[in-house]
Every structure is written in structure tokens, then in C-alpha cells.
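Report on the structure given below.
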């Protein structure tokens with residue numbers, strides 16, 4: 084499987100200038116090639132091939148006076164930008180033809196130097212890991228990196244990214260084998276919510292941190308300061324960076340919380356069942372800010388790939404399943420209930436239910452039924468192997484041949500960090516006698 088490992092980089096002034104040039108050149112190649120294909124399509128001409136674009140917009144363009152500065156960056160950066168455009172077109176065509184699952188993908192769009200994220204992509208011909216802990220990038224130099232953990236294997240590609248608040252990150256894609264954890268007997272159904280971030284089927288709750296809500300007061304003050312600055316001034320640029328940094332802090336805290344909670348759940352349970360929520364639809368309601376602050380989609384995605392990585396069973400229960408309407412004790416369907424109803428009594432067996440806990444138990448039962456029926460992409464209850472989900476890197480990466488590469492796995496002298504556990508309230512206290 085492919086996994087992505089991100090690390091913070093600290094380039095010096097000359098390296099920042101070189102990276103800015105690389106970002107700009109990659110963006111120009113993308114826009115030039117996209118313009119050629121759009122003009123050919125508008126004129127009714129055949130689809131312009133990648134070989135023709137590479138010859139015109141990279142090889143020959145570097146020899147002209149108008150585009151001579153393209154030679155200042157590595158040719159790998161320019162070729163990878165063209166490959167990324169090919170991938171974007173392929174995703175668009177597959178989405179139109181129905182070959183690609185999920186949401187519809189639109190055609191590629193032009194890139195701007197004002198985009199919140201600037202990036203370049205490299206294969207092993209243009210970067211290498213050094214013994215002193217730096218990462219050499221072609222025509223940029225050795226970047227100083229904050230190594231938080233070892234790389235499990237030699238990376239096949241590298242993405243250098245600059246975010247909206249001026250931070251630089253190195254993202255390595257690594258081919259690794261699954262790290263299978265010892266089997267446990269516990270299984271858990273999870274009900275995601277807003278009052279409590281998650282309620283497990285054993286009754287334990289994970290409180291909602293509400294990172295954005297807690298940072299709103301400072302964000303409002305920073306946004307007011309930004310709005311009062313003159314457009315195009317240096318003070319406005321400084322104020323914009325302050326706002327971006329505050330938003331980055333919120334996103335980092337939320338991501339760290341998701342990682343710790345999802346890791347603890349996967350370690351403590353052999354099977355995890357979660358409801359497939361319509362987050363995009365909920366994001367258009369009056370609860371939109373709270374829904375986006377919770378980050379359910381990112382959390383479920385972490386559960387899914389960590390389950391495959393550690394040999395656990397992961398199942399999504401259909402969003403149409405009435406988890407909040409069915410009594411988990413007797414199975415009687417008691418009908419829909421408004422959100423303000425947090426406790427209710429079953430009219431059949433008179434059991435008093437907590438709304439979220441009851442839903443989590445129903446998700447657990449439905450997930451077990453799906454696995455027993457063999458419809459989940461995991462080993463089913465009878466032991467018959469069913470196809471597992473592949474775990475690619477979060478973004479499509481163009482790898483490079485492993486033969487003759489100069490990269491090495493990990494950085495000498497670094498030790499793996501110990502796993503940080505979630506607070507005791509996240510731990511599973513007991514199992515239901517089912």
C-alpha cells in the first residue's frame with residue numbers, strides 16, 4: 084500500500100526564492116498546456132497529446148527568449164506538472180463516462196499565483212535524503228526538515244508545498260506493507276454527532292472539541308483588522324498572513340485530534356462500523372459551521388485507511404439506515420424524532436434510550452449483518468476472503484523506477500515516537516452482551 088508522510092521544512096532565503104521560481108514555472112507549464120488543449124477543443128481539433136505538449140511547452144519553450152527562465156528549475160518539475168494535468172483530464176473523462184466512483188469531477192482549471200496552496204512534485208531523479216538529515220531537491224539545495232518520525236521505506240515521490248501562511252511541507256509517498264495488529268475481541272459501532280463528537284456502542288463518548296468555535300473571537304478581531312487595511316498595501320499582506328496562521332492552527336489541532344481518536348479506536352477494536360453521513364448536504368444547512376468544524380469526513384477517512392493498514396474490519400452503514408428510530412433492545416421501529424429529543428422510551432419494550440448510544444448500537448448490529456452477508460470489502464464472518472480496499476496516497480502520485488535510486492529509508496539517529504493515547508474518556512470500558 085501507499086502511504087503519505089508529511090514533514091515541516093525550513094528553507095533559507097535563497098531556497099525560498101528557488102522554490103518560488105519552481106512553483107511559478109510549474110504553474111506556467113500547467114496553464115500553457117491547458118490553454119493549448121482548450122483552444123484545440125474549441126477549434127474542433129484532435130486532443131493534443133502529452134508528447135506534443137512536452138516538446139512545445141517544455142523543451143522548445145526553454146530555448147525561447149520569452150520562456151528562457153524555465154531552464155532555471157529542474158526539468159522533472161515541469162514534466163510532473165504536465166503529468167498532473169494528464170491525471171486531471173483522465174479523472175474528468177472517467178467521471179463523465181461513469182468509470183469513476185464518487186462525486187462528479189469537473190475539467191481542469193487554470194492556476195493562479197494567488198492560490199492558497201503552491202506545490203511542485205518530484206520523483207527520485209530530482210531529490211534524495213542525506214545522512215545529515217537534510218533533503219536535497221534539484222536546483223534548490225538541501226532543505227532542513229523537522230523529522231517527527233522515521234520513513235518506513237525509501238520514498239518514491241516527493242511533493243513540496245507552501246500553504247497560505249507561508250509554511251513549507253515535504254510530503255513523501257512510500258510503498259509499505261500492512262502493519263497488522265494483534266487480534267482483539269471488541270467491536271464498535273460509532274454514531275457521529277455535534278453535541279458529542281462520537282458515541283461508541285459501549286456507551287463511551289468522545290467530546291467535541293469545537294476548535295473553530297473556540298477560535299472565533301480571535302478570528303473576528305483579525306478579520307476586522309484585515310478589512311481596515313488598504314488593498315495592495317504591505318500591512319494588508321501582513322494582516323492576511325495573521326488570519327491564515329490562525330486558521331492553520333485550527334486545522335492542525337483538528338487534524339491532530341482526529342488522528343489520535345481514530346488510532347485509539349482502531350487499536351482497541353477488531354471491527355469498526357460507522358454511518359455514512361451526507362456531509363455535503365449537511366454543510367448547506369443552518370448547522371453548516373458546526374458540521375465543518377467537526378470534520379466527520381476526514382475522521383472517517385482516517386478510520387478507513389488505518390483499518391486496512393492494521394488489518395481491522397471497517398464497514399460503512401448506509402445513510403438511509405434508521406439508526407435513531409429503531410430500538411436496539413427489541414428492534415421495534417418507533418418512528419423519526421426531532422433533534423431536540425435526546426432520550427426516548429420504546430413503546431414496545433419500554434426501554435429508555437439515549438438517542439446517540441442507541442444509534443451507535445444499531446450501527447454495530449447493522450455493520451455485523453453486512454459483514455455476515457459478505458457485502459463488506461473485508462473478510463466476512465464465515466472466513467471467506469473478500470477483496471480488500473487498496474489504500475493509495477491521498478493524492479495521485481507519479482512514482483519513479485526504484486532501480487539505481489539514491490534515496491534511503493529513514494534518517495539515521497531518529498527514533499520512532501511513542502504512540503500518544505487519547506484521554507481515558509475515549510477508552511472502551513465494557514462490551515455489550517449481545
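Numbering (my numbering), first residue to last: 84 to 517.
The beta-carbon is built from N, C-alpha and C at its ideal position, and this holds for glycine as well.
Cα-Cα, which of the options is closest to residue i?
i	options	result
residue 293	276, 249 and 160	276
residue 120	111, 110 and 136	136
residue 263	205, 190, 236 and 350	350
residue 195	250, 214, 271 and 106	106
residue 352	363, 397 and 145	397
residue 414	420, 295, 96 and 405	405
residue 209	222, 217 and 298	222
Hey, quick one: how far does the alpha helix (DSSP H) through residue i stretch, first residue to last?
i	result
residue 365	362-365
residue 240	Premise fails: residue 240 lies in the beta strand (DSSP E), 238-245, not in any alpha helix (DSSP H).
residue 414	Segment: none, residue 414 is in no alpha helix (DSSP H) and carries neither H nor E.
residue 98	96-125
residue 380	379-392
residue 318	317-351
Report all residues from its chain with a CB closer than 6 Å to the CB of residue i; omit the five preceding and five following residues, and keep chain order.
i	result
residue 482	Confidence is the limiting factor: at residue 482 the pLDDT is only 44, short of 50, which leaves the residue's position unreliable and the question unanswerable from this model.
residue 202	242 and 244
residue 99	none
residue 449	400 and 404
residue 103	none
Can you find the residues in the same chain that come closer than 7 Å, C-beta to C-beta, to residue i, ignoring five residues on each side of it along the sequence?
i	result
residue 193	114 and 117
residue 463	Confidence in residue 463 is poor, its pLDDT being 36 and thus under 50, which makes the residue's placement too unreliable to answer from.
residue 478	Unreliable positioning characterises residue 478 in this predicted model, as indicated by a pLDDT of 41, which lies under 50. The coordinate reading is nonetheless provided below. Excluding positions up to five away in sequence, the list is empty.
residue 431	410, 413 and 415
residue 68	Nothing about residue 68 can be read from this structure; the chain reaches only from 84 to 517.
residue 473	Residue placement at residue 473 is poorly supported in this model, since its pLDDT is 42, which falls under 50; the coordinates still yield a value, given next. Excluding sequence neighbours, residue 473 sits near 84.
With residue i and residue j assumed to form a contact (beta carbons below 8 Å), what rounded beta-carbon distance in angstroms separates them?
i	j	result
residue 385	residue 411	No, residue 385 and residue 411 are not in contact; Cβ-Cβ is about 26 Å, not under 8 Å.
residue 160	residue 109	5 Å
residue 283	residue 291	Not really, about 14 Å apart at Cβ, beyond 8 Å.
residue 273	residue 357	4 Å
residue 220	residue 236	Not a contact, Cβ separation roughly 20 Å.
Taking 8 Å as the limit between beta carbons, can you name the residues of its chain near residue i, skipping five residues before and five after?
i	result
residue 246	199, 200, 252, 327 and 331
residue 370	277
residue 93	226, 227, 228, 229 and 251
residue 475	Here the model assigns residue 475 a pLDDT of 45, short of 50, so the residue's position is not dependable and the matter cannot be decided.
residue 139	119
residue 165	112, 113, 116, 133, 136, 137, 140 and 141
From what residue to what residue does the beta strand (DSSP E) around residue i run?
i	result
residue 436	435-437
residue 420	Looking at the DSSP string, residue 420 is not in any beta strand (DSSP E), and its letter there is neither H nor E.
residue 431	First-last for residue 431: undefined, no H or E at that position.
residue 130	Here residue 130 belongs to no beta strand (DSSP E), and DSSP marks it neither H nor E.
residue 312	Residue 312 -> no beta strand (DSSP E), and no H or E assigned at all.
residue 91	85-93
residue 397	396-400
residue 354	354-358
Within the present structure, is the beta-carbon of residue i separated from the nearest heavy atom of the ligand COA by less than 6 Å?
i	result
residue 294	Absence of the ligand COA is noted for the structure shown, with no ligands found whatsoever.
* To do: Mind listing, in chain order, the continuous alpha helix (DSSP H) runs of no fewer than 4 residues lying wholly within the stretch 136-222?
  => Every alpha helix (DSSP H) of 4 residues or more that sits fully in the stretch 136-222 is shown, in chain order, as 158-180.
* To do: For the stretch 225-294, list the beta strand (DSSP E) runs that are entirely contained and at least 3 residues long, ordered along the chain.
  => For the stretch 225-294, the full-length beta strand (DSSP E) segments reaching 3 residues or more read 238-245, 251-258, 270-275, 279-283 and 288-290 along the chain.
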